[in-house]
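Residue numbers (full-length UniProt numbering), protein chains in the order written: chain A, 1 to 119; chain E, 1 to 748. Structure record follows, encoded as structure tokens.
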């Protein structure tokens, strides 16, 4: 099972990497939406976890672009965000986000949320 | 927990970079550049600091950053004007965030009220824009503080039964109607996964309600051709837990949840607007099969029955999301339960994980240092090889010689490449200066602008680490002593705001760092007066302007008539000189009366490899850093004199220099004739000189410095060791400590 993690914060990427590899996932990392998008062009992944606020290409645009490529219409995308204002989360869902994870995340919860959206 | 420590280290690293970015962006914003990307960047930086801080429970930091971020969000949206006051507040707050981060790093506690004034200002500004709204102060924080528990959010209607907990003993039967909308599939949600999760709550029966399939040509992969009725028998489900299962598809489907207790069902219908059509559809469904799914994942394989049912209408090419995913359930056994996840892909769990596609990797500095050291050794071995090739060898072994020449080139290339790995932009040191200058300006009531140039110039990391203190001192000196008060500046016809310019550039094998100010310049009369008072300069000694200027680096020299809180503290610019010398650099000052002062630091590109003179004392090799050597003289030509105390002095161009015989100093005996020995005239701190007597001078070369303290113990008079090309160990003479040692001895 491969997870693409997209976040401009190295701290968050490192924590995701640690939690996910411990749970047996293979983890790919991208520091912004554009890098993530490029990576999706080359790599097959089972689920994507993406931040919203990022330089170059933010999470909303990233999700839109992923959905716009025919290949990834049924790829689960989880929005990782501290935004509890509902705003960003709704924007992310409208763009095609499958679900969301609120930072700071608890490792067990993170895994259970992923299990909610992947086979 | 070491993992946590590691994450924290990453976080603090990242914070340093983000704070730097904040400084830079706000400097540009203050200059009038209001590009929206700048505002986005500062927002992201604060947001990231807050996000990471939350993960580690740095509450004070998170709360402050949150208020900061909220304001920035309003500014970004144009709801709060980015006035000069707001910018000043933000810049001050960067320092506060830096202090919070610093305190979190060291584990120190900051005063509970730290940053409270600024936080209140943020909150007031934010409130001002959202008048009447709930206090921005507390509300979002409560949200932010919640521990992550997936809760059903944004319920259209409050569930009347929500508070009715199911009977803890005894089963409750639920019927759930689930009708997806196309958006559910567009967002890659999958009914099967929802069933799987729902099935974990108890025993479940799922009945599809099929709509007639269109012709293949009309088939919409994201169309809705199926709805489901679910019966769940559970001892632990509640309306809330069921809602929670459908959390991610809230708004993307119609759900009804009914609870049946005993024989009297209590029905709750939600979102039922869309139901009638599907109820009709259900009747139209010609084939209807039931399958049972319990919490056991394997049973989900029964979903294959459903897919078989749909087989004849399944579009081959389109891979329609809903059908495709359902059909896939059959060949994917045991994927449902969490506990099976780890066994699902054991080969992927290779602990290293592969962070594919990162533009950079992070490596322990130790590892890089090891490579740098070994490359240093390689360079030296290679140069030894080259040196040993005499004409006879060149004639005889041409191929070998060519090989060694290629090796020389490659080794140099390797050295450059390795040094580049450890090189860092001076930005990391420069970035601390704006805050310093701001604080200083506010303490002294001066107006000072700091300009930085060439901050991307790269220097070896080890040099950078040593650079911070001296540079801080120099910038303080320029701002504190150089720049005049605004009134004085105006009266002299200068702009009210003084400028301190900090620049870095590479010049050959050196880095030049220049601190320049447009202040009053050095008061030479006063400097000379003090220098004479303190005996730094003889009463009748004539000095050029330049020599006088450089007196400010003389030990113990300070021109500030009153000890300033900022640059004073009894330590003068002599500390700068000694620090810079320690890293093999030099410092020079020039001043123009009434116009300003320029201090130039010249630094080596790296500290790993040292240019030295190889000498011999009592049969053992020693090396003396080339940077401290002024000249060498044959003993027979040297002009020695004797002091009444018995000490030996060397007279050079009218100056008397103390003589230290290294053989005597290191308690060895030499049989070398006195006349055939050499004097190496060295310069120590503050232009003071010392003459070292050695047996022989062998030549110049580069060596890799090895610490003596790490490998053996500290020896007075020795700065370290090095391994020569022939495998012998040579000790590096510590000119500075020999000088102060003799001063001490003669004084005693």
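Glycine is no exception: its CB is placed at the ideal position from the N, C-alpha and C atoms.
Check, Outcome
"Quick one, which of E/640, E/679, E/576 has its alpha-carbon nearest residue 617 of chain E's?", "E/679"
"Can you tell me whether DSSP reads residue 622 of chain E as helix, strand or coil?", "strand"
"Classify residue 642 of chain E as helix, strand or coil using the three-state DSSP reduction.", "strand"
"Using the rule of at least 16 other Cβ atoms within 10 Å of the residue's Cβ for burial, across every protein chain shown, is residue 119 of chain A buried or exposed?", "buried"
"Following the continuous beta strand (DSSP E) through residue 591 of chain E, name the residue where it begins and the one where it ends.", "586-592"
"Quick check: what's the CA-CA separation for residue 393 of chain E versus residue 409 of chain E?", "20 Å"
"Going by alpha carbons, who is nearest to residue 412 of chain E out of E/467, E/430, E/380?", "E/380"
"Does any heavy atom of the ligand FAD sit closer than 7 Å to the C-beta of residue 20 of chain A?", "Only the bare structure without any ligand can be found here, which leaves the ligand FAD out of the picture."
"Mind reading off the beta-carbon distance from residue 553 of chain E to residue 576 of chain E? Whole number of angstroms is fine, and I expect it under 8 Å.", "7 Å"
"With a threshold of 6 Å on Cβ separation, who are the neighbours of residue 137 of chain E within its own chain once the five nearest residues in sequence on each side are excluded?", "With a pLDDT of 42 at residue 137 of chain E, under the threshold of 50, the modelled position of that residue is not reliable, and no figure is offered here."
"So what does DSSP say about residue 496 of chain E, is it helix, strand or coil?", "coil"
"Determine the direct distance from the alpha carbon of residue 193 of chain E to that of residue 117 of chain A, and round the result to whole angstroms.", "7 Å"
"Among E/397, E/251, E/677, which has the Cα closest to the Cα of residue 615 of chain E?", "E/677"
"Counting only Cβ pairs nearer than 8 Å, list the residues of chain A close to residue 248 of chain E.", "98, 99, 100, 116, 117"
"Residue 68 of chain E by DSSP, collapsed to three states: which one?", "helix"
"Smallest Cα separation from residue 100 of chain E: which of E/83, E/85, E/119?", "E/119"
"Expressed to the nearest angstrom, what Euclidean distance is found between the alpha-carbon atoms of residue 65 of chain A and residue 512 of chain E?", "47 Å"
"Hey, would you say residue 125 of chain E sits closer than 8 Å to residue 62 of chain E, going by beta carbons?", "no"
"So, are the CB atoms of residue 722 of chain E and residue 623 of chain E less than 8 Å apart?", "yes"
"Among E/434, E/52, E/733, E/698, whose alpha-carbon lies nearest the alpha-carbon of residue 714 of chain E?", "E/733"
"Alpha carbon to alpha carbon, how far is residue 517 of chain E from residue 444 of chain E?", "16 Å"
"Under a CB-based cut-off of 8 Å, is residue 235 of chain E close to chain A?", "no"
"Which chain A residues are close to residue 523 of chain E, counting only those with a beta carbon under 8 Å from its beta carbon?", "Neighbours of residue 523 of chain E on chain A: none; closest Cβ ~49 Å, over 8 Å."
"Just verifying my parser: in three-state terms, what is the DSSP assignment at residue 2 of chain A?", "strand"
"When the cut-off is 8 Å and only beta carbons count, does residue 241 of chain E lie next to chain A?", "no"
"Consider the Cβ of residue 103 of chain A: report whether some Cβ of chain E lies at a distance smaller than 8 Å.", "yes"
"Which word fits residue 47 of chain E, buried or exposed, when buried means at least 16 other C-beta atoms lie within 10 angstroms of its C-beta?", "buried"
"Counting pairs of beta carbons, one from the segment 17-30 of chain A and one from the segment 69-82 of chain A, are three or more of them closer than 8 Å?", "no"
"For a contact meaning CB atoms closer than 9 Å, what does residue 7 of chain E contact in chain A?", "11, 14, 15, 18"
"Can a CB atom of chain A be found closer than 8 Å to the CB of residue 60 of chain E?", "no"
"Residue 233 of chain E to residue 196 of chain E, Cα distance in whole Å?", "14 Å"
"Starting from residue 373 of chain E and walking both ways along the alpha helix (DSSP H), at which residues does that stretch end?", "365-387"
"Which chain A residues are close to residue 52 of chain E, counting only those with a beta carbon under 8 Å from its beta carbon?", "9, 11, 12"
"Looking at the unbroken beta strand (DSSP E) that takes in residue 173 of chain E, where does it start and where does it end?", "172-180"
"Reducing DSSP to helix, strand and coil, say where residue 201 of chain E ends up.", "coil"
"Contact check, residue 230 of chain E vs residue 175 of chain E under 8 Å by CB: the rounded distance?", "7 Å"
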